[in-house]
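To keep things clear, I will list the structure first and then write my remarks on it.
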Amino acid sequence: MNGPDFSKSDLIPVIAQDEATGDVLMLAYMNEEAYAETLKTGRVCYFSRSRSRLWRKGEESGNVQEVKAIFFDCDADTLLVKVNQIGGAACHEGYRSCFFRQVVPGADQPTVVGERVFDPKQVYKKS
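Once you know that position 79 of the sequence shown is 79 in my numbering, the rest is easy, because the numbers rise by one and skip nothing.
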């Protein structure tokens with residue numbers, strides 16, 4: 001086995017982790033084309049399920065992910081990509097990590113545990 005097995009599923013989950021800190025930044029998906037582009041360019045390319053197309057991380061925000069290492073699990077159906085997060089934020093809501101809300105048992109609302117790196121209204125201006 002040389003890498004992920006796309007014969008099991010057209011889309012496989014990808015965990016992006018900051019190589020320097022170990023922080024889990026996000027979970028997204030890749031198809032075989034996105035995986036091939038990621039290997040070729042050294043920048044992470046995902047497949048956007050909502051847009052049904054390739055999504056080159058940072059194409060709008062400039063917050064790209066430079067590949068440092070790629071691992072696949074024992075079943076070859078999940079990837080872990082260790083990245084250098086350029087621009088400081090992986091989350092489209094402006095946070096460093098997409099996992100910025102913590103569930104607190106017994107509380108009515110989750111706790112926000114991160115600070116915004118950028119204002120999404122400014123970054124994702126639609127013309």
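All C-beta atoms in this analysis are idealised placements derived from N, C-alpha and C, irrespective of residue type, glycine included.
Since the structure is predicted, the reported quantities are computational estimates derived from the model, not experimental observations.
Would the beta-carbon of residue i fall within 9 Å of that of residue j?
i     : j     : result
ALA34 : ALA16 : no
MET30 : CYS91 : no
ALA69 : VAL81 : yes
VAL64 : ARG43 : yes
ASP77 : LYS8  : yes
Taking only the alpha-carbon atoms, compute the straight-line gap between residue i and residue j and give it to the nearest angstrom.
i      : j      : result
TYR46  : LYS57  : 7 Å
PHE118 : GLY94  : 5 Å
THR111 : ARG53  : 33 Å
SER127 : ARG51  : Residue confidence is low: SER127 scores 48 on pLDDT, short of 50, so the model does not pin down where it sits. Its coordinate-derived value is still stated next. Looking at the two C-alpha atoms, the distance is approximately 18 Å.
GLY114 : GLN102 : 10 Å
GLY87  : ASP108 : 33 Å
VAL123 : GLU66  : 20 Å
GLY62  : ILE12  : 24 Å
VAL14  : PRO105 : 28 Å
So which of the options has the shortest CA-CA distance to residue i?
i     : options                         : result
THR38 : ASP23, TYR124 and TRP55         : TRP55
ASP23 : VAL103, THR41, ASP108 and CYS98 : CYS98
ALA36 : ILE86, PRO105 and ASP5          : ASP5
VAL83 : LEU11, THR21, MET1 and ILE12    : THR21
Entirely within the region 9 to 82 and at least 3 residues each: give me those beta strand (DSSP E) ranges in chain order. 12 to 18, 24 to 30, 45 to 48, 53 to 56 and 65 to 72
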